[in-house]
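Q:
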Amino acid sequence: MIKSFRKTLLVSAVILASGLATTTQSHAAVSIIQGKTIIPAGNATSDQDLTVRNDKLAFSLAIGSAPPWGVARGCIVDIANVKKDGSLSNDRVAFADFIPNNWSSWPNTYQNVEIIKDSKDEAIVKVTRDFGKVIISTVYSLASDSDLIHVKTTMTNEGEAVADMLSGYTLWPDGGYKFAVPGYAGKDEALLDNPIADRFVGYDADWAIALHAPYMTELKYKSRDLYTKHSLKKSQSMTFEGDYQVLASGDLSPVVKAEIERKNLQAGTLTGSVKTKNGQSVDQPAVVVLKDDVPYIWVIGKNGQYNFDLPVGDYQVYAAGKGYSDSTKHNISIKNNESQTLSFADLLVPGKVNIQVTDAQTRSALDAKIQIEKGNKPLIEFFGAKTFFTGLDSVGQAKFTLAPGDYQLKVSAGDNFLAKPVLLDASIVPNKTTNLTSAIPVSTYPTQQGWYAGDLHHHADVLEGSTSPEYLVRSQLAAGLSVTFVSDHDSTKNNAAIKALSDKRGVPFIPSIEISASWGHFNVFPVEVGAQLSVDPGVDDIHSIIKDARFMGATAVASNHPYIPYGYLSSLEKNTAPGGFNPSIDLIEINAVVDYKKAINKARQLWSEGLPYYYTAGSDTHDVWNQTTGLNRMFVYTGSKPNAKAFAQAMKNGRAYVSFGPVIYPQDVMFGDTLKLAKNQPQSIDFDLLSVNGLKSVQLIGNEGVISEQTLSGEKASVVFDLPQKSGWVSLVVEDKQEQKAFSNPIWLKTVDKAQF
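Its first residue numbered 73, the sequence shown is counted upward by one per residue in my numbering.
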């Protein structure tokens with residue numbers, strides 16, 4: 073019997089049939105549970121939500137709860153694996169479901185939920201939602217004793233033809249690490265050309281989730297979105313199928329086993345032992361498999377032994393362990409239905425590093441970031457990091473473990489902005505500590521001249537963020553930032569902890585929140601540390617969002633990455649922003665990791681109309697070990713150490729500039745100021761400029777484009793520009809030898825005639 077209920081944007085969901093479990097059945101069987109999720113730290117908190125579980129896993133569908141990023145209700149927001157003791161792990165995902173057209177705005181009016189099957193052997197749930205005129209139905213299936221959530225989505229177009237849609241399943245892990253589609257590691261996006269596997273894996277030492285996506289033709293967001301491009305004619309339907317595979321460890325051998333079964337591949341077995349050069353067994357060894365020199369899969373063994381299946385073919389394999397050096401690489405050929413043995417006995421036990429970082433001029437300890445430039449960079453990230461930070465209490469000191477071998481370490485403090493990095497050579501010896509020192513040649517101290525820098529788009533560990541409050545502060549200080557800042561999606565839960573850490577170091581903290589709708593994201597700041605979001609970004613309009621931002625205490629409201637598919641200004645152009653236009657945003661973001669040219673041009677267009685919409689900037693970092701905190705930043709003039717309100721008000725007044733490297737010191741004027749001009753009374757403006765990478769050029773920009781340009785050389789320069797004798801605005805663009813730029817807010821020009829007095 074089909075059990076169904078429907079949720080619209082106006083009417084709460086009502087279950088029309090009884091019989092759903094309210095407590096767990098025997099965990100060996102499959103059960104469907106209605107109500108708040110049973111998954112620890114889960115996001116499905118409504119009494120209308122559904123959780124499906126068996127003896128391997130559980131997943132929750134947000135029926136009443138608001139999914140992240142304003143996505144329509146009726147999707148997976150929680151997945152957990154079953155641990156050895158039979159209990160459920162914490163939630164492992166922020167979001168794992170179907171996306172109809174990239175991350176564009178999602179016009180949605182209803183969700184219909186049907187319980188197709190609810191037996192001890194299998195659970196099948198069907199969720200139907202609208203995406204404009206396209207009807208999207210997804211069937212979720214889970215069998216007993218299976219680690220696979222099977223998903224099947226059908227899109228049916230009930231409107232006019234739609235071209236160039238980008239649809240498919242996504243997997244956004246809640247922390248952990250990412251193993252990209254093999255052959256596409258490090259790619260933010262890519263068209264796929266005969267990949268050796270059709271899956272993405274999120275993982276850590278005690279869990280893994282694989283998205284198997286046989287339909288995929290392109291990837292985005294470092295493989296977390298696996299799409300195919302297509303069109304939908306009027307009345308046409310298109311179907312997608314995939315699986316979410318949920319595992320209780322970072323051993324990925326079940327992933328390749330599922331591929332073998334799904335594709336009906338011929339396969340053989342590889343087995344063996346892993347030891348050190350001294351003959352000691354490696355307790356939890358990994359054997360990493362490469363295909364055509366591309367990482368393909370790995371197995372995590374036990375008690376020095378490993379065993380797993382591989383498809384027939386030729387591979388390269390090596391052994392590894394946590395902190396250990398890698399073994400020699402071996403070539404193997406897997407034969408159908410044959411087992412072969414390959415053992416390793418050449419690993420070296422870990423060594424340790426102790427490094428002290430100081431300012432070369434003042435000799436004071438410096439917060440710093442240490443990265444492996446050359447040397448062993450573990451593929452399996454829970455075996456060892458490639459990025460480290462100095463401590464908050466032991467300022468300037470870092471201690472960490474490395475595999476034995478020769479390394480070149482890059483030590484940076486305010487890298488590319490305040491100082492050039494220093495490269496250190498080090499040889500790590502098994503069971504020994506290597507002591508290192510690094511003196512950083514700092515070139516400039518902006519706070520001494522009243523300038524405070526912040527990365528004003530930065531995440532901690534909410535949803536897909538993987539950075540704890542402590543490491544957010546460590547990373548921001550190592551980047552040479554003089555204020556700390558956090559903007560988690562729809563959450564302020566980390567604000568109090570980050571404030572306490574910042575206060576301990578005497579650094580101003582700017583508490584924020586990124587209000588995240590499907591049609592626009594907004595950083596609002598500062599908010600009261602204990603403030604909570606009241607609006608539902610998946611339902612409420614722009615006017616309600618801005619009203620709530622002000623209620624939370626925000627001085628400034630920023631439109632984040634405004635021209636990406638789900639940016640507010642992009643949605644305004646497509647007429648898909650609920651509530652339409654609201655002029656009370658204050659700031660336009662120059663986001664470091666997306667194309668920002670349209671945002672620059674929009675700000676200048678508004679300035680030419682006399683409208684003071686100023687810049688904000690940030691790196692949008694979620695993972696400080698694999699992304700760059702402070703990749704760009706706002707330098708804000710406050711004169712002295714600001715509190716959060718003073719910092720935000722200075723930004724709202726335009727007393728700031730965006731930089732990807734160059735540093736600007738205005739000498740006789742401030743950005744955001746208005747200069748009064750009179751006929752036959754020429755005026756000029758002066759600036760001191762600096763780039764640790766060497767200056768290349770500076771432009772004075774105005775209403776009609778470039779007014780004047782100067783070629784520069786060296787690390788420092790003083791420049792003077794004559795002002796045009798007409799009303800309008802001027803701003804600076806400074807470029808360095810690495811083609812990194814700084815963009816200033818405008819200086820307003822107003823001509824005054826004697827007759828006006």
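C-beta atoms are modelled at their ideal positions from N, C-alpha and C, and glycine is treated no differently.
What does a CB cutoff of less than 7 Å around Ala572 pick up in its chain, not counting 5 residues either side in sequence?
A: Within the sequence shown, numbered from 1, the residue matching residue 572 stands at position 500. When the five nearest sequence neighbours on each side are left out, no beta carbon in the same chain lies closer than 7 Å to the beta carbon of Ala572.
Q: Check each candidate in Glu313, Ile188, Pro254 and name the one with the smallest Cα separation from Thr242.
A: The count along the sequence shown starts at 1 and reaches residue 242 at position 170. Per the Cα distances, Glu313.
Q: Enumerate in chain order the residues of its own chain whose CB-to-CB distance from Thr413 is below 6 Å, with the five nearest sequence positions on each side excluded.
A: Your numbering for residue 413 matches position 341 in the sequence shown. The answer, listed in chain order, is Thr343, Gly344.
Q: Pop quiz: Thr556 and Phe594 are said to be a contact at Cβ under 8 Å. What is the actual Cβ separation, rounded to whole angstroms?
A: On the sequence shown, residue 556 is found 484 positions in, with the first residue counted as 1. On the sequence shown, residue 594 is found 522 positions in, with the first residue counted as 1. Contact doesn't hold; Cβ gap of about 20 Å is too wide.
Q: My assumption, with CB atoms under 8 Å, is that Gly625 sits in contact with Ala603. Please give the rounded CB distance.
A: Here the question's residue 625 lines up with position 553 in the sequence shown. Here the question's residue 603 lines up with position 531 in the sequence shown. That pair is a contact at about 6 Å.
Q: Inspect the CB distances between the stretch 393-406 and the stretch 365-379 and report whether three or more fall short of 8 Å.
A: no
Q: In chain order, what residues of the same chain have a beta carbon less than 8 Å from the beta carbon of Ala432, not counting five sequence neighbours either side?
A: Numbered from its first residue, the sequence shown carries residue 432 at position 360. Contacts found: Ala511, Ile512, Pro513, Val514.
Q: Alpha carbon to alpha carbon, what distance is there between Pro367 and Pro383?
A: As a position in the sequence shown, residue 383 is number 311, starting the count at 1. As a position in the sequence shown, residue 367 is number 295, starting the count at 1. If I take the Cα positions, the gap works out to 15 Å.
Q: With 16 as the cutoff for other CB atoms within 10 Å, does Gly231 come out buried or exposed?
A: Position 159 of the sequence shown holds residue 231. Exposed: under 16 other Cβ atoms inside 10 Å.
Q: Rounded to the nearest angstrom, how far is the Cβ of Ala485 from that of Gly456, given a contact under 8 Å?
A: For the purposes of this step, residue 485 is identified with residue 413 of the sequence shown, where counting begins at 1. For the purposes of this step, residue 456 is identified with residue 384 of the sequence shown, where counting begins at 1. The Cβ separation is near 23 Å, so there is no contact.
Q: What is the DSSP secondary structure of Gln183, reduced to helix, strand or coil?
A: Against the sequence shown, residue 183 aligns to sequence position 111. In the structure shown, Gln183 sits in a strand (DSSP, three-state: E or B).
Q: With 16 as the cutoff for other CB atoms within 10 Å, does Ser712 come out buried or exposed?
A: Position 640 of the sequence shown, counted from the first residue, corresponds to residue 712. Exposed, by the Cβ-count rule.
Q: How would you write the range of the beta strand (DSSP E) that Ser731 sits in, first residue to last?
A: Position 659 of the sequence shown, counted from the start, is the residue given in the question as residue 731. Run containing Ser731: 728-731, per the beta strand (DSSP E) assignment.
Q: Going by CA-CA distance only, name the one from Gly682, Leu464, Lys646 that's closest to Asp575.
A: Working through the sequence shown from its first residue, we reach residue 575 at position 503. Answer by Cα proximity: Leu464.
Q: Hey, how far is the Cα of Ser303 from the Cα of Met310?
A: On the sequence shown, position 231 is the one that residue 303 refers to. On the sequence shown, position 238 is the one that residue 310 refers to. Going from the Cα of Ser303 to the Cα of Met310 covers about 9 Å.
Q: Which value, in whole angstroms, describes the spacing of the CA atoms of Trp591 and Tyr640?
A: Position 519 of the sequence shown, counting from 1, holds the residue named residue 591. Position 568 of the sequence shown, counting from 1, holds the residue named residue 640. Just so you know, the alpha carbons of Trp591 and Tyr640 end up roughly 6 Å apart.
Q: Can you have a look at Asp297 and say buried or exposed, based on whether 16 or more other CB atoms are within 10 angstroms of its CB?
A: By 1-based counting over the sequence shown, the position of residue 297 is 225. With 16 or more Cβ atoms within 10 Å of its Cβ, Asp297 is classed as buried.
Q: Only counting the same chain, and skipping five residues up and downstream in sequence, which positions put a Cβ closer than 6 Å to that of Val234?
A: Within the sequence shown, numbered from 1, the residue matching residue 234 stands at position 162. Leu304.
Q: Using the three-state DSSP reduction, which class does Lys717 fall into: helix, strand or coil?
A: For the purposes of this step, residue 717 is identified with residue 645 of the sequence shown, where counting begins at 1. Lys717 falls in the helix class under three-state DSSP.
Q: DSSP has Lys349 in a bridge; who is on the other side?
A: For this step, residue 349 is matched to residue 277 along the sequence shown. In DSSP, Lys349 forms no bridge with anything.
Q: Measure the C-alpha to C-alpha separation of Glu600 and Asp620 and round it to an integer number of angstroms.
A: Translated into the one-based positions of the sequence shown, residue 600 becomes position 528. Translated into the one-based positions of the sequence shown, residue 620 becomes position 548. Glu600 and Asp620: Cα-Cα distance of roughly 12 Å.
Q: Would you mind sorting Gln521 into buried or exposed? The rule is 16 or more other CB atoms within 10 Å of its CB.
A: Locating residue 521 in the sequence shown gives position 449, counting from the first residue. Classification of Gln521: exposed, given that the 10 Å Cβ count is below 16.
Q: Could you tell me the distance, in whole angstroms, from the CA atom of Ile442 to the CA atom of Gln469?
A: Position 370 of the sequence shown, counting from 1, holds the residue named residue 442. Position 397 of the sequence shown, counting from 1, holds the residue named residue 469. Going by the C-alpha atoms only, they are around 11 Å apart.
Q: What are the boundary residues of the beta strand (DSSP E) that includes Ala630?
A: The sequence position of residue 630 within the sequence shown is 558, counting from 1. Note, Ala630: beta strand (DSSP E), 628-631.
Q: Mapping the DSSP letters down to three states, classify Phe853 as helix, strand or coil.
A: Limits of the chain in this structure are 73 at one end and 829 at the other, which puts residue 853 out of reach.
Q: How far does the beta strand (DSSP E) with Leu749 in it extend, from its first residue to its last?
A: Counted from its first residue, the sequence shown places residue 749 at position 677. Counting along the chain, the beta strand (DSSP E) containing Leu749 begins and ends at 746-749.
Q: Check for me: the alpha helix (DSSP H) holding Arg435 runs from which residue to which?
A: For the purposes of this step, residue 435 is identified with residue 363 of the sequence shown, where counting begins at 1. Element bounds for Arg435: n/a, residue is neither H nor E.
Q: Which residue from Ala262, Lys565, Asn426, Ser538 puts its Cα closest to that of Leu496?
A: Residue 496 sits at position 424 when you count from the first residue of the sequence shown. Scanning Ala262, Lys565, Asn426, Ser538 for the CA closest to the CA of Leu496 turns up Asn426.
Q: Tell me the start and end of each unbroken beta strand (DSSP E) in the stretch 636-667 that is at least 3 residues and wholly inside, in chain order.
A: 659-663
Q: Please work out which residues of its chain come closer than 6 Å, Cβ to Cβ, to Ala330, disregarding the five sequence neighbours upstream and downstream, and give them in chain order.
A: The residue you call residue 330 lines up with position 258 of the sequence shown. Same-chain partners within the cutoff: Gln317.
Q: Taking the straight line between their C-alpha atoms, what separation do you get for Phe815 and Tyr729?
A: Counting from 1 along the sequence shown, the entry for residue 815 is found at position 743. Counting from 1 along the sequence shown, the entry for residue 729 is found at position 657. Each residue's alpha carbon lies about 6 Å from the other.
Q: Given Ala93, which residues of its chain have a CB within under 7 Å of its CB, disregarding the five upstream and five downstream residues?
A: Here residue 93 refers to the residue found at position 21 of the sequence shown. A caution first: Ala93 carries a pLDDT of 46, below 50, which makes its placement in the model too unreliable to give a value.
Q: By Cβ distance below 6 Å, which residues in the same chain neighbour Ala144 in space, the five residues on each side in sequence not counted?
A: Within the sequence shown, the letter at position 72 stands for residue 144. Annotation for Ala144: Trp178, Asn180, Arg201 place their beta carbon closer than 6 Å to its own, counting only its chain and skipping 5 residues before and after.
Q: Using only the alpha-carbon positions, how far apart do Val193 and Asn174 sit?
A: Residue 193 sits at position 121 when you count from the first residue of the sequence shown. Residue 174 sits at position 102 when you count from the first residue of the sequence shown. Going by the sequence as given, residue 193 is Asp instead of Val. So the alpha carbons of these two residues sit roughly 35 Å apart.
Q: Using 8 Å for Cβ pairs, my map puts Gly610 next to Pro139. What's the rounded Cβ distance?
A: Position 538 of the sequence shown holds residue 610. Position 67 of the sequence shown holds residue 139. That belief holds up - the Cβ atoms of Gly610 and Pro139 are roughly 7 Å apart, short of 8 Å.
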